[in-house]
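What follows is a single structure, written as structure tokens, with notes after it.
In the numbering used here, the protein residues as written are -9 to 82.
Put into structure tokens, the structure is as follows:
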């Protein structure tokens, strides 16, 4: 991965974008600190699984998968105010 400063990027934008479209990844620095990355787009038609996203660090998988999802149902009566229902759900 190549590093370039923001000033150099400003003067060579077209050339750097061509490099990125060719598959290179370029780290952009400001005052010597990396702040951004220029690179090729990820394929949009690829279907990522939860495991793929977890491997990238973009989500955390559930620790336990053997529990069924909780069931929640509450009968609603016509004419009941929402604040009363909320109090009932919260147990107040």
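Think of the CB as a built atom: it goes at the ideal place given N, C-alpha and C, for glycine as much as any other residue. Just so we're clear, the structure is a prediction, and the values are computed from it rather than from any experiment.
Distance, residue j Cα to residue i Cα
i          : j          : result
residue 21 : residue -5 : 8 Å
residue 5  : residue -2 : 11 Å
residue 17 : residue 59 : 43 Å
residue 2  : residue 46 : 31 Å
residue 73 : residue 79 : 10 Å
residue 53 : residue 75 : 33 Å
residue 70 : residue 63 : 16 Å
residue 12 : residue 42 : 24 Å
Per DSSP, the bridge partner or partners of residue i
i          : result
residue 28 : 16
residue -8 : 16
residue 23 : 20
Residue closest to residue i, alpha-carbon to alpha-carbon, out of the options
i          : options           : result
residue 0  : 54, 70, 11 and 28 : 28
residue 24 : 54, 53 and -7     : -7
Contact check, residue i vs residue j, beta carbons under 8 Å
i          : j          : result
residue 51 : residue 44 : yes
residue -9 : residue 15 : yes
8 Å contact criterion, which residue i and residue j should meet: CB distance rounded
i          : j          : result
residue 31 : residue 40 : No, residue 31 and residue 40 are not in contact; Cβ-Cβ is about 22 Å, not under 8 Å.
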